[in-house]
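Structure first, commentary second.
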Amino acid sequence: MAAVATRVGRAETGDSPATQTGGGADSMALAHLCKQWENSQHSQGDDITVTAFVVDHKAREESSREAILVSKWLRDMGVKTEILELSWPQSNSPVTAFETHARRLRFQALGKACRDRQIDALLMGHHRDDNVETTLWRLCSGARGAGLAGIPPMTRIPECHGIYGVSESGSSAIIRPRKMYSHKLHITPKNEIYALCNDDPKPKMANPQSMSTGGIFICRPLLDFPKTSLLATCHENNIPYVSDPTNFDPTLTPRNAIRSMISSELISPFPENHFPLRSFENFNHRVFPPTCPDDIITSTDNRQAFTLGGVMFQPLHWPQSPSSQSAEAPPKGDLSVWFLSRQPYMRNRLPISRYDPHISLFENYTPWSLWDERYWIRFVVRPDSTSHQSETGRIMHQPPRITFIVRPFQPSDLQTARQILQDDQLRLGRQPRKGKDPAMVKFLGRLAQDAPGQIRFRLPLVAIEMEVDGAMHELPLALPTLELWLPGMREAFQRISGPQSHPWTVHWEWMYKMVDTEALEVLRSL
Numbered sequence: 001m002a003a004v005a006t007r008v009g010r011a012e013t014g015d016s017p018a019t020q021t022g023g024g025a026d027s028m029a030l031a032h033l034c035k036q037w038e039n040s041q042h043s044q045g046d047d048i049t050v051t052a053f054v055v056d057h058k059a060r061e062e063s064s065r066e067a068i069l070v071s072k073w074l075r076d077m078g079v080k081t082e083i084l085e086l087s088w089p090q091s092n093s094p095v096t097a098f099e100t101h102a103r104r105l106r107f108q109a110l111g112k113a114c115r116d117r118q119i120d121a122l123l124m125g126h127h128r129d130d131n132v133e134t135t136l137w138r139l140c141s142g143a144r145g146a147g148l149a150g151i152p153p154m155t156r157i158p159e160c161h162g163i164y165g166v167s168e169s170g171s172s173a174i175i176r177p178r179k180m181y182s183h184k185l186h187i188t189p190k191n192e193i194y195a196l197c198n199d200d201p202k203p204k205m206a207n208p209q210s211m212s213t214g215g216i217f218i219c220r221p222l223l224d225f226p227k228t229s230l231l232a233t234c235h236e237n238n239i240p241y242v243s244d245p246t247n248f249d250p251t252l253t254p255r256n257a258i259r260s261m262i263s264s265e266l267i268s269p270f271p272e273n274h275f276p277l278r279s280f281e282n283f284n285h286r287v288f289p290p291t292c293p294d295d296i297i298t299s300t301d302n303r304q305a306f307t308l309g310g311v312m313f314q315p316l317h318w319p320q321s322p323s324s325q326s327a328e329a330p331p332k333g334d335l336s337v338w339f340l341s342r343q344p345y346m347r348n349r350l351p352i353s354r355y356d357p358h359i360s361l362f363e364n365y366t367p368w369s370l371w372d373e374r375y376w377i378r379f380v381v382r383p384d385s386t387s388h389q390s391e392t393g394r395i396m397h398q399p400p401r402i403t404f405i406v407r408p409f410q411p412s413d414l415q416t417a418r419q420i421l422q423d424d425q426l427r428l429g430r431q432p433r434k435g436k437d438p439a440m441v442k443f444l445g446r447l448a449q450d451a452p453g454q455i456r457f458r459l460p461l462v463a464i465e466m467e468v469d470g471a472m473h474e475l476p477l478a479l480p481t482l483e484l485w486l487p488g489m490r491e492a493f494q495r496i497s498g499p500q501s502h503p504w505t506v507h508w509e510w511m512y513k514m515v516d517t518e519a520l521e522v523l524r525s526l
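Numbering-wise, the sequence shown is residues 1 to 526 according to UniProt numbering.
This is how it looks when you write it as structure tokens:
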């Protein structure tokens, strides 16, 4: 399998495309066309370089020999070439769904290679025949609507979910929310959400947040051309090509017969689950029920909370008294206002990520890791001052071994914080406060404002696992997305992390997973 990637001299500005091919006639024709484009750009003074990635699947005995042969052909064409060898997981059981595994490994290898070379677009040699076959197969499979769209001319690289710098990440942008009037959310014991409009006439600006951007794109410039045109290109220009016999054996996989490259299902925030289009058939009716005339106030609201595609929809109720209405509140009787959040976690299936940062005097963060399909997070631990360094620049005092854990905020974390506050009072020779601790009151007030009700228990929490006196202890620290430490936890961490004369500082960074910025602009304009 050969993959051709074009490297543009303007790569550092994010303008670099790349192409992926398969070593057959369509792939080699694409490589030839890319080389011609490179030559034309050189004549205009642009620094363009074409790089071919030849993917060695290691699936057949002759695959390595064929990869070397294809790379030789590409070099003879004047194309810079590199071979990417796939590494299959070690297992005693035979690999099932071979084509699926091979596709995932191939795209991950190509994606990482493009990322490491600052290439942000990968060109593939799919042609019109592939598009027709895909559409026919979907039609025979019962697909409707968007399922019959065929192969997209441009899309984001598949099979690389969670790989930073490849899948919708690598850079960041600032989300600047519009000015909006403040609404206080009140959740009743029955888990009903009411929005109360404050009387503050001055709109408030929400804090800007960081959101990941970037990633690798797949481009298919040959979709308008039939297979015969690509074969003619190879023949007229004496371009050699190979045929993989496994691609034409219909007994291996249905993919060989149809060459389907896209799915007929919508994908939820959970990459392992797919939601068929038919599961969304009643969505509009549930979210936008028939409305009443403006002069009629609905006395009952029978809407029920539901989840779909990993998102929980909860009806948002607005008090109907005249004093509660404002310019920002929906009209009376409007039943189309919902509060959206992540659906509750399944029992014993909480998302948990572990990080083991190296102690560093520099900005050596852990790799970015995607948590709960919503946030990119990374960590670094470094000394507060140069007092930790010897004359040779080595670290003199090592802190205890620390493992960071990112997991959902839990009710037990509040109990831990309360116990820490009580222990702090006893340590100072004071009796624990009979009422609520002021720090805890302030903390709970912030949660009530920004994450009311059960929603707070879907927030990420940073905890540490430390070895103290030969035993492992976990200590919840902070809610990073709210920039909020749990009461008493900062001081508790400082006490157990080492002598005060040699403090160590923990830094973490986070950003939202990439979202559709066009949709945000539409919402901002409403």
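Where is the CB? At the ideal position from N, CA and C, for every residue including glycine.
If you're wondering where the values come from, they're calculated on a predicted model, not measured in any experiment.
With a cutoff of 8 Å on beta-carbon distance, TYR512 and TYR355 are scored as not near each other.
PHE288 is classed as exposed because its beta carbon has fewer than 16 other beta carbons within 10 Å across all chains shown. With a contact defined as Cβ atoms closer than 8 Å, ASP130 and ILE151 qualify at about 6 Å. The beta carbon of LEU447 is closer than 7 Å to those of ARG456 in its chain, skipping five residues each way along the sequence. For LEU484, the pairing in a beta bridge is given by DSSP as LEU479.
With respect to the 8 Å criterion, ARG104 and GLU61 are not classified as neighbours on the basis of their beta carbons. Per DSSP, the beta bridge partners of PRO315 are TRP338. Here the C-alpha atom of PHE313 lies approximately 23 Å from the C-alpha atom of ARG407.
Pairing GLY24 with ALA59, the inter-Cα distance amounts to about 17 Å. In the DSSP assignment, CYS34 falls within the unbroken alpha helix (DSSP H) covering 25-43. When ARG427, PHE217 and ASN39 are compared, the shortest CA-CA separation from LYS112 is found for PHE217. In the three-state reduction of the DSSP assignment, ILE68 falls in the helix class. A distance below 8 Å separates the beta carbons of SER172 and SER210.
Your pair THR481 and PRO460 checks out as a contact, with CB atoms roughly 6 Å apart and the cut at 8 Å. Here VAL50 carries a strand assignment [DSSP, helix/strand/coil]. Nearest to GLY147 by alpha-carbon distance, out of LEU428, TRP137 and PRO357, is TRP137.
In the DSSP assignment, SER369 falls within the beta strand (DSSP E) that extends over 369-371. Listed in chain order, the non-local C-beta contacts of LEU421 below 7 Å within the same chain comprise ASP437, ALA439, MET440, PRO487 and GLY488, local neighbours out to five positions each way being set aside.
Contact annotation: ILE464 and LEU475 have beta-carbon atoms nearer than 8 Å. Contact between VAL79 and VAL50 is confirmed by a C-beta separation of about 5 Å, below the 8 Å threshold. Within the same chain, VAL55, LEU84 and LEU86 come within 7 Å of ALA109 by CB-CB distance, once the 5 residues on both sides are set aside. Judged by DSSP secondary structure, CYS160 falls outside any beta strand (DSSP E); it is assigned neither H nor E. Considering only GLY214, SER229 and PHE443, the residue with the shortest C-alpha distance to VAL515 is GLY214. About 6 Å separates the beta carbon of ARG458 from that of SER341, a gap short enough to meet the 8 Å contact definition.
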